[in-house]
Amino acid sequence: MLSLALQLLFLPALLAFALISAARIRRLSLGESTTKLGDEPTTSTARTLFRDRNSITSLLAPSEGDLPSLLAARAHANERFTNAFDIHSTFTSPSRAVHDTFVRRMKALIDSKATGCDVHLHPPAAAAQPFDKTVRAIVLHLVLVALLDADPAALEYPALDRFAETLNDLWTRSKAPAPIPPHLLAALQAQLRAWVPRTQENAGANHLEVIIPAYETMWRVVAVALAHVHLDPRLRAGFDAFGARPTADELGRAAVDGAPSAHSVVLEVLRLYPPTRRIARHVPRAPHADADAHHPLAALVQRFLFNFNTRPSTPTRDFDVLVADVEAAQREGAAWGPDPDAFDPRRWERAGGSPSSPPPSAAALLAFGHGRLKCVASGWAPGAAAAIVAGVLSAGARVERADGADAVSGGRDAWRGWSLVVPAEEDA
Ligand code: HEM
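Now the structure itself:
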C-alpha cells in the first residue's frame, strides 16, 4: 500500500504571500478515482465578449461600480450553482453582508494554515493511475484536511474518487436545462457529513461553498504544472529546490542552471490555462437598448453602473450577459513578451519584447479576477499549488503520456492517455 503525506506550513505573508514551509510526500496510495463559480453560463440572450485587458478590468471593476451592483451582477450569472449545489455564498448572493462574512471566513481559513497537515491516500495495487482522477483526489484530500479539518485517516481513495466524479457530474448537469436528480447533491452532502467534523461554528454550513472555489481551480493548476514538468524535465529543478527548502525566497528563485523558479511555472500555468477561463456578469438591459448600439461597450458599462439596483427582479431575458474572456486576454498582447501563445515560464524572469520592458508581473494576471471581487487566495494559491507539485514529485510519482494522448489543456475532461505512476512503497 502506498500513501501520501504533504506537510504544509503556511507562513504569515509580509510580501503578499502566505507560503508553505514544507511540502513532502511520504507515501502515495490511490484506488481507482470546469470552471469555477463565475464561469460563463452556456445559454444567454445577448452576450458580449470582452477579450482585452482594459475592457475586462472595466467590466470587473468599473470605476464607479458599487459593491452591491458588482455582487448582484455576479450572483445572477451564477444562479445555476444555487440550483445544483445549494450554494448561497457570495458567489450566488447579492448581499454585501454575505460577501463580507464569507470572504472573512475564507481568508481566516487560509491564514490559519500555520500547522502541518498530513494527507494519506490508499490505492489499489496497480501502479499507473489515471492522471486526472489521481490529481483530483490528491487536491480534494488536501482541501478537505487543510480547510475543513477532515480526518486524513477517514479519507479513502475510492470515496474521494466517487465524490469528485459526482461533483463533476453535477457541474455538467448544472449547465443543462434538464432538472437535476436530487440524489446527487444528497450523496455529496452525506459524504461531507461523514468526513467533516461537526462543530458549533459549522453546524448547518454547506461545505461545498468552501470546497468548490478551492478544489475546482487548484486541481487543474496542479495537473497542468505536472504535465509540463513531464514534457520539459528541466522545469523540475525549481520544484525540487522549493520542496527541499519551502520558503518564499525559494519559491521565486530561478535554479542556477537557468531553469525557472517554481513560482514562474505556476504563474505561466495560470496565464495560459486559467482555471476560470471566462468570468460572466449579468447586467439588466436598459429600456432603450437599441439606441446605444453604436457604443456597445460604453452603454453596457454605463447600464452596469447606474441601472442594476433599480431593476433587481428583471427576468433573465432582460439581462445582457457580459463575459470577460480571461483566457484570450492572457494569450495575447505585448505585455507578456514574445510568443504569448507559448508555454515559457522564463518570461516571468526576463525582460519582455524590448530591453527596456520588464518581465510581466503577477498582478497583470486576470486568472484571479480583478477589483473588489478578486480572489482572496491570489497570494496563497500559487505557493500552495507549487507545494503540491513539489510533494508529488518528491514522492517519486511519475507522469506518463501514451502515444496519441490529449494535448495539455486546463479542461476537466482533457487527460485521455495520461497517467501517474506511483512508486511501490519500498521504492519511494
Ligand atoms: C489557482 C487557484 C484559484 C483561482 C484561479 C481562483 C480564481 C478566482 C476568480 C477568477 C475569482 C473572481 C470571481 C469573480 O470575479 O466573479 C475568485 C474569487 C474568489 N476565490 Fe478564488 N481562485 C483560486 C483559488 C481559491 C482558493 C484556494 C480559495 C479559498 C481557499 C478561493 C476563494 C475565493 C473567494 C472567497 C472568492 C470571492 C472573493 C470576493 O468575492 O471578494 N479561491 N477566485
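Going by our numbering, the first residue of the sequence shown is number 10, and it counts up by one from there.
Every residue gets a Cβ at the ideal spot worked out from N, C-alpha and C, and that includes glycine.
Test: residue i CB closer than 9 Å to a CB of chain D
| i | result |
| --- | --- |
| D350 | Annotation note: the requested chain D is absent from the structure, which comprises a single protein chain. |
Rounded distance between the beta-carbons of residue j and residue i, thought under 8 Å
| i | j | result |
| --- | --- | --- |
| P349 | R340 | 6 Å |
| P432 | G405 | 4 Å |
| L68 | R290 | 6 Å |
| P369 | W345 | 6 Å |
| Q200 | A168 | 7 Å |
Beta-carbon spacing of residue i, residue j below 9 Å
| i | j | result |
| --- | --- | --- |
| G252 | A264 | no |
| W180 | A93 | yes |
| D329 | P293 | yes |
| V143 | S428 | Position check: residue 143 holds Thr in this sequence, whereas Val was assumed. Their beta carbons are under 9 Å apart, which means T143 touches S428 by this criterion. |
| V238 | V274 | yes |
| A236 | F100 | no |
| N177 | R421 | yes |
| A423 | V417 | yes |
| G342 | R62 | yes |
Straight-line gap, residue i to residue j (C-alpha atoms, nearest Å)
| i | j | result |
| --- | --- | --- |
| F172 | A146 | 9 Å |
| A386 | I119 | 8 Å |
| H216 | L194 | 12 Å |
| E218 | H97 | 8 Å |
| L76 | R381 | 8 Å |
| A411 | R245 | 21 Å |
| R286 | G261 | 25 Å |
| A393 | Q209 | 28 Å |
| K184 | N87 | 11 Å |
| S121 | A390 | 14 Å |
| A55 | A223 | 30 Å |
| V112 | S104 | 12 Å |
| K383 | D249 | 30 Å |
| D334 | I65 | 8 Å |
| M115 | H108 | 11 Å |
| A337 | P188 | 32 Å |
| P191 | A117 | 32 Å |
| T175 | I220 | 13 Å |
Helix, strand or coil at residue i [DSSP, three-state]
| i | result |
| --- | --- |
| S387 | coil |
| D327 | helix |
| P77 | helix |
| F59 | strand |
| Q138 | strand |
| S104 | coil |
| A253 | helix |
| H291 | strand |
| H131 | For H131, the predicted model reports a pLDDT of 49, less than 50, meaning its position is unreliable and no value from the coordinates is stated. |
| A212 | coil |
| L151 | helix |
| V265 | coil |
| W427 | strand |
Taking contact to mean at least 3 C-beta pairs separated by less than 8 Å, is the segment 72-91 in contact with the segment 341-353? no
Check whether the segment 144-160 touches the segment 392-406, counting contact only when three or more Cβ pairs, one atom from each stretch, lie closer than 8 Å. yes
Given 8 Å as the limit, is there contact between the segment 156-170 and the segment 194-209, that is, 3 or more CB pairs closer than that? yes
For the segment 274-282 and the segment 370-379, state whether three or more C-beta atom pairs, one from each stretch, are separated by less than 8 Å. yes
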